[in-house]
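Student:
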Amino acid sequence: MGATGYVSSMAQRPRQRSRRMNLAQTLQTIARGHPDRPAISWEGGRLTYAQFETQVQHIAGALTARHGLQRGERVALAMENGPEYFPLLYGIWRAGLAAVPLNSKLHAKEMAWILADAEAKLCLASPKLAGGLSAPDLGVLPPIVATGSADHRALLAGDPVAAGPSEAAAEAWLFYTSGTTGRPKGARLSHRNLLFACHCYYADIDHIDTRDTILHAAPLTHGSGLYGLAHIARGANNQILEGSFEPEQVFAQLATTASVSLFAAPTMVSRLINHRLAGTADTRGLKTIIYGGAPMYVADLKRALTLFGPKLYNLYGQGESPMTITGLDQAQHADSTHPAWEERLASAGLARTGVAVQIVDEAGRELPPGAIGEIVTRSDCVMLGYWNNAEADAKTLRDGWLWTGDLGAMDANGFVTLKDRSKDMIISGGANIYPREIEDVLLRHPGVLEAAVVGRPHGDWGEEVLAFIVKREGAAIEAAELDRLCLDNIARFKRPKGYRFVDTLPKNNYGKIVKTELRQRLQAEK
Numbered sequence: 007m008g009a010t011g012y013v014s015s016m017a018q019r020p021r022q023r024s025r026r027m028n029l030a031q032t033l034q035t036i037a038r039g040h041p042d043r044p045a046i047s048w049e050g051g052r053l054t055y056a057q058f059e060t061q062v063q064h065i066a067g068a069l070t071a072r073h074g075l076q077r078g079e080r081v082a083l084a085m086e087n088g089p090e091y092f093p094l095l096y097g098i099w100r101a102g103l104a105a106v107p108l109n110s111k112l113h114a115k116e117m118a119w120i121l122a123d124a125e126a127k128l129c130l131a132s133p134k135l136a137g138g139l140s141a142p143d144l145g146v147l148p149p150i151v152a153t154g155s156a157d158h159r160a161l162l163a164g165d166p167v168a169a170g171p172s173e174a175a176a177e178a179w180l181f182y183t184s185g186t187t188g189r190p191k192g193a194r195l196s197h198r199n200l201l202f203a204c205h206c207y208y209a210d211i212d213h214i215d216t217r218d219t220i221l222h223a224a225p226l227t228h229g230s231g232l233y234g235l236a237h238i239a240r241g242a243n244n245q246i247l248e249g250s251f252e253p254e255q256v257f258a259q260l261a262t263t264a265s266v267s268l269f270a271a272p273t274m275v276s277r278l279i280n281h282r283l284a285g286t287a288d289t290r291g292l293k294t295i296i297y298g299g300a301p302m303y304v305a306d307l308k309r310a311l312t313l314f315g316p317k318l319y320n321l322y323g324q325g326e327s328p329m330t331i332t333g334l335d336q337a338q339h340a341d342s343t344h345p346a347w348e349e350r351l352a353s354a355g356l357a358r359t360g361v362a363v364q365i366v367d368e369a370g371r372e373l374p375p376g377a378i379g380e381i382v383t384r385s386d387c388v389m390l391g392y393w394n395n396a397e398a399d400a401k402t403l404r405d406g407w408l409w410t411g412d413l414g415a416m417d418a419n420g421f422v423t424l425k426d427r428s429k430d431m432i433i434s435g436g437a438n439i440y441p442r443e444i445e446d447v448l449l450r451h452p453g454v455l456e457a458a459v460v461g462r463p464h465g466d467w468g469e470e471v472l473a474f475i476v477k478r479e480g481a482a483i484e485a486a487e488l489d490r491l492c493l494d495n496i497a498r499f500k501r502p503k504g505y506r507f508v509d510t511l512p513k514n515n516y517g518k519i520v521k522t523e524l525r526q527r528l529q530a531e532k
């Protein structure tokens, strides 16, 4: 056939939309091929992949038939770690809906704000959090279904849905990040974004198969849950630790389970390496520790390498490009003979596979090696945009690049080192804390004239929150009053750990508080 005939033949074919599997279909593939393999395990029970898939089918049917949810609508997950999380998440996706996972440490008022902002049609919650969301002062909320309740059991009895929509560009996860304006922003992540993050895991971090286990000691609603997706797509076991993080539980699992991976905030790694069992516990089952979310001391990394071997991977990412911007791999951690080894341990590593990273000036011009500027990135992992926030989109997404708001430098070999956080973010125990929302709460006190919140260095947590307070003339304020105000309105982990009552706050010529000077005061006190 000649070229003209070929073009004519192609022109007569109907155009087809680009379609790929969504994440629920990756589960279906594994359940068919490995039905009896353990998918979700917890103390006292487990689900095989066949059972996992069956639950997902029933949940999807009930979400559409019983609750009347329409494709593209949003369902919130206000849940602590538990075996119900993944079946509900994948049931949401099988039904063609978008998930809105909520940080379980948030105050009920903060959760209520997100539920309203996201226009969630339903909230699936663990019993404790469901109870908190029943408070009468939270306003109008969507229906709340508590796990273990009759309504939850009804979800598991819905008419099964074996196949769902498969547009990879559809919204899958609305991830609420903290915002400098005092309110979080919802990063809209598609199935393609999350699948790309999974593929980057396989390319950069580890090969995964049905012999592997990921130990979920960190929240499923954040990084640990995201890496659960990569493990589910390859048929690995998801071992869920319920309750707070305890090193003893982790060591016990490593002694009895082979090929274990673990996502951990640096504070979790620190607790492991400084625990009384460190050095004597049987850790032969450990395959990989992926850490990120905050800086980690080089001394701690060296101790972790001594105790665990070359099994550490450092990642840098953010909700807008979930955990997929740069990484320092296991070999780079272990290469102690390299002349720049310590500098590399202190870095965030190289751009991930298929990810572009640059350091740019305010005009977007790429800077030379060593120069400090803003970190920008471009890949299929970058979010679709923010939910109902065109102003934030315009600032953050420019010409296909995500402007992270983080300052850093890149050396001649491509290693990126974080230098500062241009948004004044505080990182405490791996949690992102933004001063503005705490300041907004403190300023509700009638005796507070001005408030400035900054991070103070802390040996275990990286940073802790400290507030500088200027009182109104004649006002008498006790720290306990400010504590109670914070505990009534924001999550406990955001509450300042100390208050400094001062006469004035340092300001520049434009009247803006100079927080750099406040941080320098705290550094000088060390």
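Going by our numbering, the sequence shown opens with residue 7, and the numbers climb by one from there. We treat Cβ as the ideally placed atom computed from N, Cα and C, and that holds for glycine. This one's a predicted model, so the numbers in the text were calculated from it and none came from an experiment.
With DSSP as the reference, label residue 515 as helix, strand or coil.
Tutor: The count along the sequence shown starts at 1 and reaches residue 515 at position 509. Low local confidence applies: a pLDDT of 46 at residue 515 is under 50, so the model's placement there is unreliable, with the coordinate-based value given in what follows. In the structure shown, residue 515 sits in coil (DSSP, three-state: anything other than H, G, I, E or B).
Student: Closer than 6 angstroms by C-beta to residue 91: which residues in its own chain qualify, once you throw out the five before and the five after it? Chain order, please.
Tutor: Sequence index remark: in the sequence shown, residue 91 carries index 85 (1-based). The residues are 85, 226.
Student: Can you tell me whether residue 232 is helix, strand or coil according to DSSP?
Tutor: Start at 1 with the first residue of the sequence shown, and residue 232 comes out as number 226. Reduced to three states, the DSSP call for residue 232 is helix.
Student: Mapping the DSSP letters down to three states, classify residue 344 as helix, strand or coil.
Tutor: Position 338 of the sequence shown, counted from the start, is the residue given in the question as residue 344. Residue 344 falls in the coil class under three-state DSSP.
Student: Could you check what DSSP says for residue 409 in three-state terms: helix, strand or coil?
Tutor: As a first step, residue 409 must be located in the sequence shown, where it is residue number 403. Three-state DSSP puts residue 409 in a strand.
Student: Would you kindly work out how many angstroms separate the C-alpha atoms of residue 484 and residue 443, rounded to a whole number?
Tutor: As a first step, residue 484 is located in the sequence shown; it is residue number 478 there, counting from the start. As a first step, residue 443 is located in the sequence shown; it is residue number 437 there, counting from the start. Roughly 20 angstroms between the two C-alpha positions.
Student: Name the DSSP beta bridge partners of residue 297, please?
Tutor: As a working mapping, residue 297 is identified with position 291 in the sequence shown. Residue 297 pairs with 270, 320.
Student: Report buried or exposed for residue 342, applying the criterion of at least 16 other Cβ atoms within 10 angstroms of its Cβ.
Tutor: Sequence index remark: in the sequence shown, residue 342 carries index 336 (1-based). Label assigned to residue 342: exposed.
Student: Under 8 angstroms between the Cβ atoms of residue 524 and residue 512?
Tutor: To locate residue 524, count along the sequence shown from 1; it is residue 518. To locate residue 512, count along the sequence shown from 1; it is residue 506. Contact flag set, yes.
Student: Is the shortest distance between the beta-carbon of residue 125 and the beta-carbons of chain B less than 8 angstroms?
Tutor: You won't find chain B in this structure, because it holds only one protein chain.
Student: How many angstroms separate the CA atom of residue 165 from the CA atom of residue 172?
Tutor: Translated into the one-based positions of the sequence shown, residue 165 becomes position 159. Translated into the one-based positions of the sequence shown, residue 172 becomes position 166. Going by the C-alpha atoms only, they are around 20 angstroms apart.
Student: Ordered along the chain, which non-local residues of its own chain (more than five positions away) have a Cβ less than 6 angstroms from that of residue 334?
Tutor: The residue labelled residue 334 in the question sits at position 328 within the sequence shown. Correct list, in chain order: 320, 355.
Student: Go ahead and label residue 140 buried or exposed: buried means 16 or more other beta carbons lie within 10 angstroms of its beta carbon, across all protein chains shown.
Tutor: On the sequence shown, position 134 is the one that residue 140 refers to. With fewer than 16 other Cβ atoms within 10 Å, it is exposed.
Student: Go ahead and pull the three-state DSSP assignment for residue 182.
Tutor: The residue you call residue 182 lines up with position 176 of the sequence shown. Strand at residue 182.
Student: How is the alpha helix (DSSP H) around residue 129 delimited, first residue to last?
Tutor: Numbered from its first residue, the sequence shown carries residue 129 at position 123. That residue, residue 129, is in no alpha helix (DSSP H); its beta strand (DSSP E) goes 128-131.
Student: When you compare each of 493, 463, 494, 480 to residue 531 by their alpha carbons, which one comes out closest?
Tutor: Residue 531 sits at position 525 when you count from the first residue of the sequence shown. It is 463.
Student: Identify whether residue 528 lies in helix, strand or coil by the three-state DSSP scheme.
Tutor: The residue given as residue 528 occupies position 522 in the sequence shown. The answer is helix: DSSP assigns residue 528 an H, G or I state.
Student: For residue 101 and residue 27, I'd like the C-alpha separation in whole angstroms.
Tutor: For this step, residue 101 is matched to residue 95 along the sequence shown. For this step, residue 27 is matched to residue 21 along the sequence shown. In this model, residue 101 and residue 27 are separated by some 13 angstroms (Cα to Cα).
Student: If you run the structure through DSSP and keep just helix, strand and coil, what is residue 467?
Tutor: By one-based count along the sequence shown, residue 467 stands at place 461. Three-state result, residue 467: coil.
Student: In three-state DSSP terms, what is residue 153?
Tutor: By one-based count along the sequence shown, residue 153 stands at place 147. Residue 153: coil per DSSP, three-state reduction.
Student: Which residues in the same chain as residue 302 place their Cβ atom closer than 6 angstroms to its Cβ, once the five residues preceding and following it in sequence are excluded?
Tutor: For this step, residue 302 is matched to residue 296 along the sequence shown. 272.
Student: Between which two residues does the alpha helix (DSSP H) containing residue 99 stretch?
Tutor: One-based indexing of the sequence shown puts residue 99 at position 93. Segment 91-100, the alpha helix (DSSP H) holding residue 99.
Student: Counting along the chain, where does the beta strand (DSSP E) carrying residue 382 start and finish?
Tutor: Within the sequence shown, the letter at position 376 stands for residue 382. Residue range 379-384 is occupied by the beta strand (DSSP E) that includes residue 382.
Student: Going by DSSP, which residues form a beta bridge with residue 222?
Tutor: Indexing the sequence shown from 1 puts residue 222 at position 216. Answer is 246, bridged to residue 222.
Student: Report the option in 232, 267, 283 whose CA atom is closest to the CA atom of residue 254.
Tutor: In the sequence shown, counting from the first residue as 1, residue 254 sits at position 248. Per the Cα distances, 283.
Student: Using DSSP with H/G/I as helix, E/B as strand and the rest coil, what is residue 395?
Tutor: What you label residue 395 is simply residue 389 of the sequence shown in a count that begins at 1. Coil at residue 395, not helix or strand.
Student: Using 8 angstroms for Cβ pairs, my map puts residue 308 next to residue 293. What's the rounded Cβ distance?
Tutor: As a working note, residue 308 is residue 302 in the sequence shown. As a working note, residue 293 is residue 287 in the sequence shown. Actually they do not touch by this definition, with Cβ atoms about 20 angstroms apart.
Student: Applying the criterion that 16 or more other CB atoms from any shown protein chain within 10 Å of the CB defines a buried residue, is residue 526 buried or exposed?
Tutor: By one-based count along the sequence shown, residue 526 stands at place 520. Label assigned to residue 526: exposed.
Student: Excluding the 5 residues flanking residue 437 on each side, which residues of the same chain have their C-beta closer than 7 angstroms to its C-beta?
Tutor: As a working mapping, residue 437 is identified with position 431 in the sequence shown. The residues 499, in chain order, have a CB closer than 7 angstroms to that of residue 437 in the same chain once the five nearest residues on each side in sequence are set aside.
Student: Could you give the C-beta distance for residue 269 and residue 353, rounded to a whole number, given that I count them as a contact under 8 angstroms?
Tutor: Taking the first residue of the sequence shown as position 1, residue 269 is located at position 263. Taking the first residue of the sequence shown as position 1, residue 353 is located at position 347. In fact, because the Cβ distance is near 20 angstroms, the residues do not count as touching under 8 angstroms.
Student: Using a 10 Å radius around the Cβ and a threshold of 16 neighbouring Cβ atoms, would you call residue 81 buried or exposed?
Tutor: To locate residue 81, count along the sequence shown from 1; it is residue 75. Buried, by the Cβ-count rule.
Student: Is residue 62 helix, strand or coil by DSSP?
Tutor: Position 56 of the sequence shown, counted from the start, is the residue given in the question as residue 62. If DSSP states are grouped into helix, strand and coil, residue 62 belongs with the helices.
Student: Taking the continuous alpha helix (DSSP H) assigned at residue 256, which residues delimit it?
Tutor: Within the sequence shown, the letter at position 250 stands for residue 256. Looking at the DSSP string, the run of the alpha helix (DSSP H) that includes residue 256 is 253-262.
Student: What residues are listed by DSSP as bridge partners for residue 475?
Tutor: Numbered from 1 along the sequence shown, position 469 holds the residue referred to as residue 475. BP columns for residue 475 point to 457, 507.
Student: Would you give the residue range spanned by the alpha helix (DSSP H) that residue 496 belongs to?
Tutor: Counting from 1 along the sequence shown, the entry for residue 496 is found at position 490. Counted as a single uninterrupted DSSP element, the stretch harbouring residue 496 is not any alpha helix (DSSP H), since DSSP gives it neither H nor E.
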